[in-house]
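Listed in order, the protein sequences are those of chains A and B. Read left to right, the first sequence gives residues 1 to 335 (full-length UniProt numbering). Read left to right, the second sequence gives residues 1 to 548 (full-length UniProt numbering). Below you'll find the structure, written out as structure tokens, and then a few comments.
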Amino acid sequence: MKQKYMLPLTGVFLLFLLAYAGVEGAGMQWFFGIVVPYAAVAAFIAGFIYRVMGWAASAVPFRIPTTCGQQKSLPWIKQNRIDNPDTAAGVFVRMVLEICAFRSLFRNTKAAFNRNEKNKITYSWEIFLWVGALAFHYAFLVVILRHLRFFLNPVPVCVKALEYLDGIIQIGLPGIFLSGIVLLAATLFLLARRIFDEKVSYISLAADYFPLFLIIGIAATGISMRYFTKVDILGVKTFTMGLATFHPVIPEGVGGLFYAHLFMVSVLLAYIPVSKLMHMAGVFLSPTRNMANNNRMKRHINPWNYAVEIHTYAQYEDHFREKMIEAGLPVDKKE
Amino acid sequence: MADELKPDELLDKVDYTPTSGSWMNTAVQIRPGMYCYAAKPESLETLSAPNARQWNPLDKDWKLPENWQQIIHEGIKDRLEKFRTFKIFMDVCVRCGACADKCHFFLGTGDPKNMPVLRAELLRSVYRNDFTTVGKILSKVPGGDRLAGGRPMTVDVLKEWWYYFFQCSECRRCSVFCPYGIDTAEITIMGRELLNLLGLNIDWIATPVSNCYQTGNHLGIQPHAFKDMLDFFTEDLEEITGVNVAPQFNKKGADILFITPSGDVFADPGTYTCQGYMVLFKYLKDKYNLDVTWSTYASEGGNFGFFTSHETMKRLNAKMYAEAKRLGVKWILGGECGHMWRVINQYMDTMNGPADFLEEPVNPITGTKFENSKSTKMVHITEFTADLIKHNKLEFDKSRNSNRIITFHDSCNPARGMGLLEEPRYCIKAVCDNFFEMPENTIREQTFCCGSGAGLNAGENIELRMAGGLPRANAVKFVHDKFNVNTLATICAIDRAALPALCEYWVPEVEVYGVHELIGNALILPGEKKRTTDLRMEPLPGMEDDDE
Ligand code: SF4
Ligand code: SF4
Numbered sequence: 001m002k003q004k005y006m007l008p009l010t011g012v013f014l015l016f017l018l019a020y021a022g023v024e025g026a027g028m029q030w031f032f033g034i035v036v037p038y039a040a041v042a043a044f045i046a047g048f049i050y051r052v053m054g055w056a057a058s059a060v061p062f063r064i065p066t067t068c069g070q071q072k073s074l075p076w077i078k079q080n081r082i083d084n085p086d087t088a089a090g091v092f093v094r095m096v097l098e099i100c101a102f103r104s105l106f107r108n109t110k111a112a113f114n115r116n117e118k119n120k121i122t123y124s125w126e127i128f129l130w131v132g133a134l135a136f137h138y139a140f141l142v143v144i145l146r147h148l149r150f151f152l153n154p155v156p157v158c159v160k161a162l163e164y165l166d167g168i169i170q171i172g173l174p175g176i177f178l179s180g181i182v183l184l185a186a187t188l189f190l191l192a193r194r195i196f197d198e199k200v201s202y203i204s205l206a207a208d209y210f211p212l213f214l215i216i217g218i219a220a221t222g223i224s225m226r227y228f229t230k231v232d233i234l235g236v237k238t239f240t241m242g243l244a245t246f247h248p249v250i251p252e253g254v255g256g257l258f259y260a261h262l263f264m265v266s267v268l269l270a271y272i273p274v275s276k277l278m279h280m281a282g283v284f285l286s287p288t289r290n291m292a293n294n295n296r297m298k299r300h301i302n303p304w305n306y307a308v309e310i311h312t313y314a315q316y317e318d319h320f321r322e323k324m325i326e327a328g329l330p331v332d333k334k335e
Numbered sequence: 001m002a003d004e005l006k007p008d009e010l011l012d013k014v015d016y017t018p019t020s021g022s023w024m025n026t027a028v029q030i031r032p033g034m035y036c037y038a039a040k041p042e043s044l045e046t047l048s049a050p051n052a053r054q055w056n057p058l059d060k061d062w063k064l065p066e067n068w069q070q071i072i073h074e075g076i077k078d079r080l081e082k083f084r085t086f087k088i089f090m091d092v093c094v095r096c097g098a099c100a101d102k103c104h105f106f107l108g109t110g111d112p113k114n115m116p117v118l119r120a121e122l123l124r125s126v127y128r129n130d131f132t133t134v135g136k137i138l139s140k141v142p143g144g145d146r147l148a149g150g151r152p153m154t155v156d157v158l159k160e161w162w163y164y165f166f167q168c169s170e171c172r173r174c175s176v177f178c179p180y181g182i183d184t185a186e187i188t189i190m191g192r193e194l195l196n197l198l199g200l201n202i203d204w205i206a207t208p209v210s211n212c213y214q215t216g217n218h219l220g221i222q223p224h225a226f227k228d229m230l231d232f233f234t235e236d237l238e239e240i241t242g243v244n245v246a247p248q249f250n251k252k253g254a255d256i257l258f259i260t261p262s263g264d265v266f267a268d269p270g271t272y273t274c275q276g277y278m279v280l281f282k283y284l285k286d287k288y289n290l291d292v293t294w295s296t297y298a299s300e301g302g303n304f305g306f307f308t309s310h311e312t313m314k315r316l317n318a319k320m321y322a323e324a325k326r327l328g329v330k331w332i333l334g335g336e337c338g339h340m341w342r343v344i345n346q347y348m349d350t351m352n353g354p355a356d357f358l359e360e361p362v363n364p365i366t367g368t369k370f371e372n373s374k375s376t377k378m379v380h381i382t383e384f385t386a387d388l389i390k391h392n393k394l395e396f397d398k399s400r401n402s403n404r405i406i407t408f409h410d411s412c413n414p415a416r417g418m419g420l421l422e423e424p425r426y427c428i429k430a431v432c433d434n435f436f437e438m439p440e441n442t443i444r445e446q447t448f449c450c451g452s453g454a455g456l457n458a459g460e461n462i463e464l465r466m467a468g469g470l471p472r473a474n475a476v477k478f479v480h481d482k483f484n485v486n487t488l489a490t491i492c493a494i495d496r497a498a499l500p501a502l503c504e505y506w507v508p509e510v511e512v513y514g515v516h517e518l519i520g521n522a523l524i525l526p527g528e529k530k531r532t533t534d535l536r537m538e539p540l541p542g543m544e545d546d547d548e
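See below:
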């Protein structure tokens with residue numbers, strides 16, 4: 001059991017050491033600062049497109065939405081337009097809620113069984129996974145958007161505004177960014193759930209722990225650079241602007257910790273297209289959610305539909321004609 | 001044996017904590033009571049299905065074709081291209097576990113491989129090994145495949161597939177909770193298609209399929225016997241109501257073709273629902289001159305092909321439209337059936353349409369247009385009846401159902417594949433005063449399967465069925481204890497076959513009714529005599545002999 005998370009944990013630690021030692025010991029700034037990030041971005045973009053195209057290339061032969069509410073029916077029966085949409089607008093709202101608010105996850109319940117004279121199975125609303133997942137994803141989003149300040153000059157107002165909001169709780173200097181803390185906490189929660197919830201632990205693979213450790217590593221290095229080791233921000237900005245404008249430069253005075261951070265981000269980027277993290281794109285394409293339940297109203301075409309052999313009425317009647325006549329059932333051909 | 005397992009013993013086993021260790025290393029134990037007998041070769045032969053042979057799941061040798069691994073590999077490849085669902089669902093699961101405790105088979109057995117996510121992983125592990133770049137690379141490194149969660153296809157994996165894909169009733173409850181809408185039923189469907197490529201079906205599916213194909217219905221009832229059955233009901237109903245309700249068969253030029261699952265014609269208590277339809281049609285004939293015909297050729301609404309492969313489903317479904325065309329009816333009315341309606345709602349038009357030889361369904365009595373079935377031209381009987389009731393076209397004597405304290409079991413397929421939730425409730429409430437809902441987490445889209453769906457309604461897997469039906473029965477027991485509920489109404493023929501056994505096991509005081517049995521019981525037929533019994537020939541409330 002333990003090896004399922006020990007291996008990825010060790011792996012992430014080695015990745016960290018590799019970059020740290022590579023820079024601090026071997027002076028391979030150009031490799032970890034320029035080659036790896038460009039390669040990772042290229043792998044990410046190419047891989048992402050490849051995967052999405054792969055899905056899109058597969059047919060959607062049938063319209064099979066999961067309906068979670070009343071269908072469109074008689075005019076006086078109230079339809080659930082969002083969970084059981086029959087129009088594109090309804091589907092749109094359903095998808096927005098799914099993607100932005102994790103609506104299906106919100107429904108989550110926990111089942112428990114009490115072996116006593118009542119023997120009741122109980123279902124209680126289980127909100128923590130939803131909260132944890134939502135906190136994780138939104139914190140991550142804010143962190144990413146905040147990092148745009150390193151790649152854009154001048155820094156756009158909206159990024160500044162976001163930073164302002166994110167840092168609104170001011171405890172000492174520099175201001176604390178909520179997003180980073182939330183991201184780390186949420187990731188730790190998801191990790192703890194994976195390890196300590198027996199059911200989740202049972203279904204987890206090494207590939208489920210790896211990205212969690214990686215993200216924890218990224219968040220931890222980022223936080224420590226900002227609050228503790230105080231990385232040379234100007235140097236970093238020179239460096240990232242160089243990458244963004246395709247005139248890469250290696251600045252002085254930016255240490256191994258930064259390169260380790262960058263390296264782990266690069267690994268994550270390159271890892272996305274070959275992993276389950278592609279759910280970020282897959283969720284848009286899921287046929288059980290993104291189709292309208294108007295099956296009986298509108299004909300849906302199956303691109304690979306083919307003719308099949310059927311047992312025709314004529315064959316049927318040939319087989320049973322006598323018995324049918326005897327029973328007084330009408331037949332097409334009498335003799 | 002399994003059927004001797006007492007409810008208490010079964011409950012003692014319920015435990016939702018998986019044992020430690022890796023599921024990939026835990027070999028499958030095929031256990032009597034938990035699986036259905038293997039498909040008989042004759043049944044597969046009718047359909048020219050591959051690898052028809054005598055085999056036994058308990059044997060070591062399953063008599064597979066020599067190149068079986070290649071067949072499976074190519075089968076997967078083919079389906080990945082044909083079904084976006086399959087491809088996406090193989091790729092995007094994050095193993096969050098939200099679906100884990102949503103499956104009734106997991107809740108009843110505690111077997112971790114019945115967690116939907118793990119059921120899917122059984123197939124996904126092979127997919128990762130054979131079809132993903134990482135999996136292919138890692139499988140070459142010693143121990144590497146386990147890192148990415150891949151494993152090669154072996155006989156043991158195949159047996160595990162067979163065992164667990166036939167322990168899923170394709171009910172889709174798991175799909176409701178998944179953040180990506182991953183539908184494990186869809187994966188089970190693919191898994192069963194793949195197994196069918198090797199002739200690995202169960203007999204409770206294969207034989208009905210073969211019967212449907214040959215004789216038109218899954219019990220293999222021949223045309224004259226089908227007619228006999230309904231004639232027999234006609235006699236009973238004449239005794240009960242004093243009215244001759246004889247139905248029409250294969251009638252050209254009728255207004256409406258009526259198709260219901262053959263379970264309603266042959267097995268109690270479905271037969272009483274069938275009588276309910278007959279009473280209703282007689283009423284409509286006498287009062288409004290509506291001409292409804294039954295068909296002996298298309299005498300099955302249920303489609304066991306659905307549990308076999310998409311192709312078989314299509315082959316069986318073709319009869320409905322073919323018969324409607326031959327008879328020249330205006331549109332088709334469908335009876336109370338679960339998976340039949342999933343097929344009609346989600347597949348029929350695509351597979352066997354366009355039904356352009358039919359008219360867009362309009363209720364000739366009320367003038368209501370069934371907008372929602374414009375294209376398939378097929379209306380559900382509770383939609384139809386609800387419309388009649390709403391327009392005050394039916395007269396009821398509710399007191400005839402006053403001894404029934406009712407709760408409603410949403411059948412999985414109409415609930416989660418269609419959204420037919422209010423219509424049956426409206427019908428029930430029109431004919432009964434005592435109606436109570438089961439707890440919220442167990443009805444509507446969160447409804448629990450009867451435990452015997454998707455072809456698992458056999459006798460030999462009774463332990464599986466009783467365990468799988470536990471969550472449903474548990475909720476029924478709750479309303480039974482709280483409100484004295486004694487009647488479980490439903491709109492599915494499999495339910496009518498499966499739930500009586502389930503109730504007898506877990507809540508013996510509750511009886512199972514079809515919605516149209518309740519309708520037929522309350523409906524006042526023109527010219528009827530004073531009724532003293534219900535459709536089951538049991539005394540009506542107030543008509544009991546007082547012999548105590
Ligand atoms: S809920 Fe969906 S994503 Fe989560 S484990 Fe189940 S199938 Fe996978
Ligand atoms: S479809 Fe139903 S039976 Fe199958 S895994 Fe999901 S919940 Fe279980």
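We put the CB at the ideal spot given by N, CA and C, even for glycine.
Given Glu548 of chain B, which residues of its chain have a CB within under 8 angstroms of its CB, disregarding the five upstream and five downstream residues? Here Glu548 of chain B scores only 45 on pLDDT, less than 50, and its place in the model should not be relied on; the value that follows carries that caveat. Take Glu548 of chain B, set aside five residues on each side of it, and no residue of its chain has a beta-carbon closer than 8 angstroms to its own.
With distances taken between CB atoms, is the gap from Pro261 of chain B to Gly335 of chain B smaller than 9 angstroms? yes
Using only CA atoms, which one of A:Ala139, A:Val96, A:Arg107 and A:His319 lies nearest to Phe128 of chain A? A:Arg107
Bridge-paired residues (DSSP) for Trp294 of chain B: B:Phe249 and B:Phe258
For Thr532 of chain B, does the count of other Cβ atoms within 10 angstroms reach 16, so buried, or fall short, so exposed? exposed
If you measure from the beta carbon of Leu118 of chain B to each beta carbon in chain C, is any gap under 9 angstroms? The structure shown contains no chain C; the protein chains it does contain are A and B.
Going by the C-beta, is His73 of chain B closer than 8 angstroms to any heavy atom of ligand 2? no
State yes or no: is the beta carbon of Lys323 of chain A nearer than 9 angstroms to at least one beta carbon in chain B? yes
Enumerate in chain order the residues of its own chain whose CB-to-CB distance from Phe151 of chain A is below 6 angstroms, with the five nearest sequence positions on each side excluded. Thr240 and Ala244.
At least three beta-carbon pairs within less than 8 angstroms, the stretch 79-87 of chain B to the stretch 272-292 of chain A: yes
Mark Gly69 of chain A as exposed unless 16 or more other C-beta atoms lie within 10 angstroms of its C-beta, in which case mark it buried. buried
Going along the chain, which residues of the stretch 212-245 of chain B sit with their C-beta nearer than 7 angstroms to a C-beta in chain A? Tyr213, Gln214, Gly216, Gln222, Pro223, His224 and Lys227
Determine, using beta-carbon pairs with one atom in the stretch 215-229 of chain B and one in the stretch 474-486 of chain B, whether at least three such pairs fall under 8 angstroms. no
Would you mind reading off the limits of the beta strand (DSSP E) that contains Gly514 of chain B? Glu511 to Gly514
Kindly list the residues whose CB is nearer than 8 angstroms to the CB of Tyr277 of chain B, restricted to its own chain and excluding five residues on each side of it in sequence; keep chain order. Phe258, Thr260, Asp264, Gly335, Ile381, His516 and Gly520
Between which residues of its own chain and Ala322 of chain B is the CB-CB distance below 6 angstroms, once the five residues before and five after are set aside? none
If you follow the beta strand (DSSP E) that Thr490 of chain B is in, where does it begin and where does it stop? Here the beta strand (DSSP E) through Thr490 of chain B covers Thr487 to Thr490.
Could you compute how far the alpha carbon of Thr238 of chain A sits from the alpha carbon of Pro251 of chain A? So the two alpha carbons sit approximately 7 angstroms from each other.
Between the alpha carbons of Met1 of chain B and Ala430 of chain B, how many angstroms are there, rounded? Unreliable placement is indicated for Met1 of chain B, whose pLDDT of 42 sits below 50; the coordinate value is still reported in the next sentence. Met1 of chain B and Ala430 of chain B: Cα-Cα distance of roughly 45 angstroms.
First through last residue of the beta strand (DSSP E) which encompasses Phe408 of chain B: Note, Phe408 of chain B: beta strand (DSSP E), Ile406 to His409.
Can you give me, in chain order, the residues of the stretch 73-103 of chain A that have a beta carbon less than 9 angstroms from any beta carbon in chain B? Ser73, Leu74, Pro75, Trp76, Ile77, Lys78, Gln79, Asn80, Asp83, Asn84, Asp86, Glu98, Phe102 and Arg103
Collapsed DSSP secondary structure at Pro539 of chain B in the structure displayed: strand
May I ask you to list the residues that DSSP assigns as paired with Phe396 of chain B? B:Leu523
Report the three-state DSSP secondary structure of Trp23 of chain B (helix, strand or coil). helix
With distances taken between CB atoms, is the gap from Gly455 of chain B to Ile221 of chain B smaller than 9 angstroms? no
Following a CB-centred definition, is Cys449 of chain B positioned closer than 8 angstroms to any heavy atom of ligand 2? yes
If you follow the alpha helix (DSSP H) that Leu212 of chain A is part of, which residue opens it and which one closes it? Ala206 to Ile223
Three-state secondary structure (DSSP) at Val331 of chain A? coil
Using a Cβ-Cβ cut-off of less than 9 angstroms, give me the residues of the stretch 176-199 of chain A that come near chain B, in sequence order. Leu190, Arg193, Arg194, Asp197, Glu198 and Lys199
With a threshold of 16 other CB atoms inside 10 Å of the CB of Asn372 of chain B, please say whether the residue is buried or exposed. Buried, because 16 or more other Cβ atoms sit within 10 Å of the Cβ of Asn372 of chain B.
Write down the C-beta distance between Phe370 of chain B and Glu383 of chain B rounded to the nearest angstrom, noting that I regard them as a contact closer than 8 angstroms. Rounded, the Cβ-Cβ distance is 7 angstroms, consistent with contact.
Helix, strand or coil, according to DSSP, for Cys171 of chain B in the structure here? coil
Residue burial classification, Tyr259 of chain A (beta-carbon count within 10 angstroms, cutoff 16): buried
Reducing DSSP to helix, strand and coil, say where Leu9 of chain A ends up. helix
Along the alpha helix (DSSP H) that carries His380 of chain B, what are the first and last residues, could you check? No alpha helix (DSSP H) contains His380 of chain B, which is instead part of the beta strand (DSSP E) from Met378 to His380.
Interface partners of Val308 of chain A on chain B, CB under 8 angstroms: Glu311, Lys314, Arg315 and Ala318
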